[in-house]
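Novice: Mind having a look at this structure? Questions to follow.
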Amino acid sequence: MTTITTAGLSTVARNGLRRGAVETRIMLTTPGDLVMALGSLAIMVSVLLAAGGGTFAGSDLDLGSMNFPSVLGATLVTGTVPMIAGKLAWSKASGELLRAKAIPRGLGSFLIGHTISVAVFSLFTVVGMVLAGLAFFDGLVLSWTRLGLLAAVTAAAMAALLPLGAVLGGLLSNPRHVGLVQLPLTVLIGISGIFYPLAAYPAWLQSTAELFPVYWIGLGMRAAMLPEGMAAVELGGEWRLGQVFLVLGLWIAATLLLAVPLLKRMARKESGSALKD
């Protein structure tokens, strides 16, 4: 029994990795996808440069450097969640999900493949933005230790965001409804201290923002890239890294528990008529 289970898991992982590699290669060699990623990166950096002429109140840190880590976190959120949600919604509408479920252990490979392709594409965007940040924003502080922290925050963020996107994608009835995912994300970004310290917000907004991963991702990014003294403008006057990873860990556990059963139920509901299209 154990041998069969181990062999089955090995097959799922191997097929998922192969599928993920193919999807990643397609995404990274499709001109439209590359233009979208590089164009978004250029727009973000340009806006931060345009806004970086002044300094943040009570410090000599320019506004561009101050906002860069938060915008990096927001970009990771808005790139990862809608992308995986859109992929799954499209897969459901096109019958791809149903075909995957018809193959032994196909659903697991299907999920692994989509997860890998979106994760690699998101990581490509993050690395591009970090390189641009180092080139254009002198106020960022990045040592090897801080790069390790940045990598850890990014990994935890993606581990929380990918299953969250899968859950939301499983709830969408049509890939055209991905905008319904973007709207609440935009609201969360607006109240999560991305563009202005959360400490300046009303207490009820602070409490609301702390329930969701967006605030904690931004906080972790700021802890990794800003001077230590900037922790003074955060809630409690510190980076609260322990809480960053605790909250993201809770979101990882919750979304993983929801994602697979939801997608299995979604696949069961699909009619065989999708296979005829």
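The opening residue of the sequence shown carries number 3 in the working numbering; numbering runs sequentially from there.
For each residue, glycine too, the CB sits at the ideal point set by N, CA and C.
These figures come from a predicted structure and were not determined experimentally.
Enumerate in chain order the residues of its own chain whose CB-to-CB distance from PRO165 is below 8 Å, with the five nearest sequence positions on each side excluded.
Specialist: Same-chain partners within the cutoff: ILE254, THR257, LEU258, LEU260, ALA261.
Novice: Leaving aside the five residues before and after PHE58 along the sequence, list all residues of the same chain whose C-beta is less than 7 Å from its C-beta, in chain order.
Specialist: Result list for PHE58: LEU65, MET68, in chain order.
Novice: In three-state DSSP terms, what is ASP35?
Specialist: Note: ASP35 maps to helix in three-state DSSP.
Novice: Which residue marks the beginning of the alpha helix (DSSP H) containing LEU187, and which one marks its end?
Specialist: It spans 181 to 193 - the alpha helix (DSSP H) in which LEU187 sits, taken as one unbroken run.
Novice: Going by C-alpha distance, which of VAL169, LEU43, SER96, GLY222 is nearest VAL129?
Specialist: For VAL129, the nearest C-alpha among the options comes from LEU43.
Novice: Is it a yes or a no for the segment 180 to 188 touching the segment 72 to 92, going by three-plus beta-carbon pairs under 8 Å?
Specialist: Result yes; three or more Cβ-Cβ pairs closer than 8 Å.
Novice: Within a Cβ cutoff of 7 Å, which residues of the same chain sit near TRP241, ignoring the five residues on either side of it in sequence?
Specialist: So the qualifying residues of the chain are LEU221, ALA225, ALA233.
Novice: Would you mind sorting ILE219 into buried or exposed? The rule is 16 or more other CB atoms within 10 Å of its CB.
Specialist: With 16 or more Cβ atoms within 10 Å of its Cβ, ILE219 is classed as buried.
Novice: For the alpha helix (DSSP H) containing PRO71, list its first residue and its last residue.
Specialist: It spans 65 to 96 - the alpha helix (DSSP H) in which PRO71 sits, taken as one unbroken run.
Novice: Among ALA102, HIS179, TRP206, which residue has its Cα nearest to the Cα of LEU113?
Specialist: For LEU113, the nearest C-alpha among the options comes from ALA102.
Novice: Could you name the residues that DSSP lists as bridge partners for THR57?
Specialist: BP columns for THR57 point to ASP64.
Novice: Could you give the residue range of the alpha helix (DSSP H) that holds ILE118?
Specialist: Unbroken alpha helix (DSSP H) run through ILE118: 108 to 138.
Novice: Does the count of Cβ pairs from the segment 68 to 77 and the segment 169 to 177 closer than 8 Å reach three?
Specialist: Flag = no, the segment 68 to 77 and the segment 169 to 177 do not touch.
Novice: If you count every other CB in all the chains shown that lies within 10 Å of the CB of ILE105, and 16 or more means buried, which is it?
Specialist: Its Cβ having fewer than 16 others within 10 Å, ILE105 is exposed.
Novice: Nearest-angstrom Cα distance between PHE138 and ALA53?
Specialist: Between PHE138 and ALA53, the C-alpha separation is close to 13 Å.
Novice: Could you spell out where the alpha helix (DSSP H) holding ARG242 opens and where it closes?
Specialist: That residue, ARG242, is in no alpha helix (DSSP H); it is neither H nor E in DSSP.
Novice: Taking all protein chains shown into account, decide if LEU99 is buried (16 or more other Cβ within 10 angstroms of its Cβ) or exposed.
Specialist: By the 10 Å Cβ count, LEU99 comes out buried.
Novice: Rounded C-beta distance between SER72 and ILE196? I'm assuming under 8 Å.
Specialist: Between ILE196 and SER72 the Cβ distance is about 4 Å, and since that is below 8 Å, they are a contact.
Novice: DSSP three-state call for LYS266: helix, strand or coil?
Specialist: Here LYS266 sits in helix by DSSP.
Novice: Once the 5 residues before and after VAL47 are set aside, which same chain residues still bring their CB inside 7 Å of it?
Specialist: Only ALA134, PHE138 meet the Cβ criterion.
Novice: Go ahead and pull the three-state DSSP assignment for ILE254.
Specialist: ILE254: helix per DSSP, three-state reduction.
Novice: By the 10 Å Cβ neighbour count, where 16 or more other Cβ atoms means buried, how is PRO215 classified, buried or exposed?
Specialist: That one is buried.
Novice: By the three-class DSSP mapping on this structure, what secondary structure does TYR203 have?
Specialist: Three-state DSSP puts TYR203 in coil, outside helix and strand.
Novice: I'd like to check one pair, LEU237 with ALA201: are the Cβ atoms closer than 8 Å?
Specialist: It is a contact, given that the beta carbons lie within the stated cut-off.
Novice: Alpha carbon to alpha carbon, how far is THR188 from LEU173? Give it in angstroms, no decimals.
Specialist: Distance between the alpha carbons of LEU173 and THR188 is about 19 Å.
Novice: Taking only the alpha-carbon atoms, compute the straight-line gap between GLY110 and ALA157 and give it to the nearest angstrom.
Specialist: Cα to Cα, the separation comes out at about 21 Å.
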